[in-house]
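Novice: Numbering (my numbering), first residue to last: 895 to 1211.
Ideal Cβ placement from N, Cα and C applies to all residues, glycine included.
Let me begin by handing over the structure; questions about it come next.
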Amino acid sequence: MATQRSGNRNGVWPPPAGNRIAATAARQGGVMTAAQLLACGLSRAAIHRRVQAGRLVVLGRGVYRVGPILTEDGERRAALWTGGQGTALSFVSACELLHCGSRDRHAHHITVPRGRNLKVRAGLVVHHVRGGLRRQDIVRVDAFPVTSPARTALDLACVSSDREFERLVETMLHERLLTERTFTHLAARHPGHPGLARLLALTPGRAVTESCLEDRVRTRILDGLPLPEPEPQFEIIGRSGREYRADFAYVEARVLIEADSRRHHERAAAFESDRARDADLAGVGWQTLRFTHVQTRETAPQCAENVLATVTGRLAS
895 MATQRSGNRN
905 GVWPPPAGNR
915 IAATAARQGG
925 VMTAAQLLAC
935 GLSRAAIHRR
945 VQAGRLVVLG
955 RGVYRVGPIL
965 TEDGERRAAL
975 WTGGQGTALS
985 FVSACELLHC
995 GSRDRHAHHI
1005 TVPRGRNLKV
1015 RAGLVVHHVR
1025 GGLRRQDIVR
1035 VDAFPVTSPA
1045 RTALDLACVS
1055 SDREFERLVE
1065 TMLHERLLTE
1075 RTFTHLAARH
1085 PGHPGLARLL
1095 ALTPGRAVTE
1105 SCLEDRVRTR
1115 ILDGLPLPEP
1125 EPQFEIIGRS
1135 GREYRADFAY
1145 VEARVLIEAD
1155 SRRHHERAAA
1165 FESDRARDAD
1175 LAGVGWQTLR
1185 FTHVQTRETA
1195 PQCAENVLAT
1205 VTGRLAS
């Protein structure tokens, strides 16, 4: 009796194993483990033949790319499976999933227990920690194990520039990923960590308060513009007769600048009241421009251009 081969020279997977492999790989972003391939009906010899033929690509020990497409989530899974039990996405890879920073576009970062020897490959950066990460140091984001915001900040304190690290902590505090209690727990859990002192120096008192954000709007957006100095804390009466106070005002151009320190959900809830205020002030000839914490950090030059164009345009009209 002829033995059915587990593939053909054109690389087509045979049913039913091929169907199971294709479905599993699609769900997992184009990656599978050796155990999964075996469960789908392939033998270890068949796996080896496909690696030799280029139909499986080794991404780590017992981890393979299946097919030509590897998604971002597939890359994350491959990195975590390569690290083994107790592995978490960390450093800038954790920042991306926690929405408090950008990723390393060239590699995924993982943290594993010290002593675990992994073969280094392109696209993977491995960090080691004695005894492995503690349970409190790992959270799950989109089903991926990720270092907690506190642990992520602690790790990045060792490798980030002053400006990068200040922005990271500033964002985490603003989004309440870090709190005063977090700092206390970190000091107790990691007293000897090399990044602890640097992190504790940025105390919760440095969160982006309203007054702090006003300073950032001035220094990062308004300062240096070829315009007259704006009036701070400018009091004005709207068409309704209601009194308001604006953070900054270009009086001659009748342009108001507001630093919006509210978080996203708070801004959504206040949308109607902001519109009513702006309309009330527009009724007496004032235009309002609002800038958030994120804008002062990520798009300050574009914000400054907007202010300049608005003020000069109204002065010329």
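#1: Residues in the same chain with beta-carbon distance under 7 Å from Ala-988, minus the five sequence neighbours each way, listed in chain order, please.
#2: Work out the CA separation of Glu-990 and Ala-1194 for me, nearest whole Å.
#3: Whole angstroms are fine: how far does the CA of Ala-1044 sit from the CA of Leu-992?
#4: Could you tell me if Leu-1175 is buried or exposed, where buried requires 16 or more neighbouring beta carbons within 10 angstroms of its beta carbon?
#5: Quick check on the DSSP output: what are the complete alpha helix (DSSP H) runs of length 4 or more inside the region 913-998, in order along the chain?
#6: From Leu-1096, His-1187, Leu-936, Glu-1108, pick the residue whose C-alpha is nearest to that of Pro-910; which is it?
#7: Please list the terminal residues of the continuous alpha helix (DSSP H) segment that includes Thr-1046.
#8: Is it right to say Gly-1009 is buried, meaning 16 or more other beta carbons lie within 10 angstroms of its own, or is it exposed?
#9: Go ahead and pull the three-state DSSP assignment for Glu-1192.
#10: With 16 other CB atoms within 10 Å as the buried threshold, where does Glu-1124 fall?
#11: Compare the Cα-Cα distances from Gly-1135 to each of Val-1006, Leu-1090, Gly-1177 and report the closest residue.
#12: Taking all protein chains shown into account, decide if Val-1102 is buried (16 or more other Cβ within 10 angstroms of its Cβ) or exposed.
#13: Hey, Leu-964 and Gly-923: beta-carbon distance below 9 Å or not?
#14: Is the separation between the beta-carbon of Cys-994 and that of Leu-1071 shorter than 9 Å?
#15: Taking Arg-1008 as part of the alpha helix (DSSP H), name the residues at either end of that continuous run.
#16: Across the region 938-949 and the region 965-981, are there enough close Cβ pairs to call them in contact, namely three or more that are closer than 8 Å?
#17: Comparing alpha-carbon positions, which option in Ile-1115, Phe-1038, Glu-1199, Ala-940 lies nearest Thr-1186?
#18: Helix, strand or coil: which one does DSSP assign to Thr-1073?
#19: Distance, Cα to Cα, Ile-915 vs Gly-1017?
#20: Can you grab the Cα-Cα spacing for the pair Val-1201 / Arg-955, in whole Å?
#21: Measure from the alpha carbon of Glu-1058 to the alpha carbon of each residue in Arg-1191, Arg-1208, Ala-917, Ser-1211, then state which is nearest.
#22: Restricting to Cα atoms, I'd like to know which of Asp-1049, Tyr-1144, Arg-1184 is closest to Leu-1121.
#23: Nearest-angstrom Cα distance between Glu-969 and His-1002?
#24: Is Asp-1056 helix, strand or coil when you go by DSSP?
#25: With C-beta atoms as the reference, is Ile-1151 less than 9 Å away from Tyr-1138?
#26: Could you give the DSSP three-state label for Asp-1031: helix, strand or coil?
#27: Alpha carbon to alpha carbon, what distance is there between Arg-921 and Arg-1034?
#28: From Leu-953 to Arg-1015, what distance separates their C-alpha atoms?
Specialist: For this structure:
#1: In the sequence shown, residue 988 corresponds to position 94, counting from 1. Counting only Cβ-Cβ distances below 7 Å, and skipping sequence neighbours, we find Val-1040, Thr-1041, Thr-1046.
#2: As a first step, residue 1194 is located in the sequence shown; it is residue number 300 there, counting from the start. As a first step, residue 990 is located in the sequence shown; it is residue number 96 there, counting from the start. Answer to the nearest angstrom: the Cα atoms are 21 Å apart.
#3: Along the sequence shown, one-based indexing puts residue 992 at 98. Along the sequence shown, one-based indexing puts residue 1044 at 150. If you take the alpha carbons of Leu-992 and Ala-1044, they lie about 11 Å apart.
#4: Here residue 1175 refers to the residue found at position 281 when the sequence shown is read from its first residue. So Leu-1175 counts as buried.
#5: Taking 4 residues as the shortest admissible run, the region 913-998 contains the following complete alpha helix (DSSP H) segments, listed from N- to C-terminal end: 928-933, 938-947, 966-977, 985-992.
#6: In the sequence shown, residue 910 corresponds to position 16, counting from 1. It is Leu-936.
#7: As a first step, residue 1046 is located in the sequence shown; it is residue number 152 there, counting from the start. Note, Thr-1046: alpha helix (DSSP H), 1043-1050.
#8: Position 115 of the sequence shown, counted from the first residue, corresponds to residue 1009. Burial call: exposed.
#9: Taking the first residue of the sequence shown as position 1, residue 1192 is located at position 298. Three-state DSSP puts Glu-1192 in a helix.
#10: Within the sequence shown, numbered from 1, the residue matching residue 1124 stands at position 230. As written in the sequence, residue 1124 is Pro, which differs from the Glu given in the question. With 16 or more Cβ atoms within 10 Å of its Cβ, Pro-1124 is classed as buried.
#11: To locate residue 1135, count along the sequence shown from 1; it is residue 241. It is Gly-1177.
#12: The residue labelled residue 1102 in the question sits at position 208 within the sequence shown. Because the pLDDT at Val-1102 is just 44, under 50, the model does not fix this residue reliably, and the point stays unresolved.
#13: As a working note, residue 964 is residue 70 in the sequence shown. As a working note, residue 923 is residue 29 in the sequence shown. In contact: Leu-964 and Gly-923 (Cβ atoms closer than 9 Å).
#14: Against the sequence shown, residue 994 aligns to sequence position 100. Against the sequence shown, residue 1071 aligns to sequence position 177. Yes, the Cβ-Cβ distance between Cys-994 and Leu-1071 is below 9 Å.
#15: The residue labelled residue 1008 in the question sits at position 114 within the sequence shown. Per DSSP, Arg-1008 is not a residue of any alpha helix (DSSP H), being assigned neither H nor E.
#16: no
#17: Position 292 of the sequence shown holds residue 1186. Answer by Cα proximity: Ile-1115.
#18: Numbered from 1 along the sequence shown, position 179 holds the residue referred to as residue 1073. Here Thr-1073 sits in coil by DSSP.
#19: Taking the sequence shown and counting its residues from 1, one reaches residue 915 at position 21. Taking the sequence shown and counting its residues from 1, one reaches residue 1017 at position 123. Answer to the nearest angstrom: the Cα atoms are 24 Å apart.
#20: For this step, residue 1201 is matched to residue 307 along the sequence shown. For this step, residue 955 is matched to residue 61 along the sequence shown. Each residue's alpha carbon lies about 55 Å from the other.
#21: Counting from one through the sequence shown, the residue named residue 1058 turns up at place 164. For the residues Arg-1191, Arg-1208, Ala-917, Ser-1211, the minimum Cα distance to Glu-1058 belongs to Arg-1191.
#22: On the sequence shown, residue 1121 is found 227 positions in, with the first residue counted as 1. Checking every option, the nearest Cα to that of Leu-1121 belongs to Tyr-1144.
#23: Taking the sequence shown and counting its residues from 1, one reaches residue 969 at position 75. Taking the sequence shown and counting its residues from 1, one reaches residue 1002 at position 108. Roughly 8 Å between the two C-alpha positions.
#24: Stepping through the sequence shown from its first residue, residue 1056 is reached at position 162. Looking at Asp-1056 - three-state DSSP - the assignment turns out to be helix.
#25: Here the question's residue 1151 lines up with position 257 in the sequence shown. Here the question's residue 1138 lines up with position 244 in the sequence shown. No, the pair does not count as a contact, with Cβ atoms beyond the cut-off.
#26: As a working mapping, residue 1031 is identified with position 137 in the sequence shown. Correct three-state label for Asp-1031: helix.
#27: Taking the sequence shown and counting its residues from 1, the one referred to as residue 1034 is at position 140. Taking the sequence shown and counting its residues from 1, the one referred to as residue 921 is at position 27. One C-alpha to the other measures close to 19 Å.
#28: In the sequence shown, the residue the question calls residue 953 occupies position 59. In the sequence shown, the residue the question calls residue 1015 occupies position 121. Spanning the two alpha carbons is a distance of roughly 8 Å.
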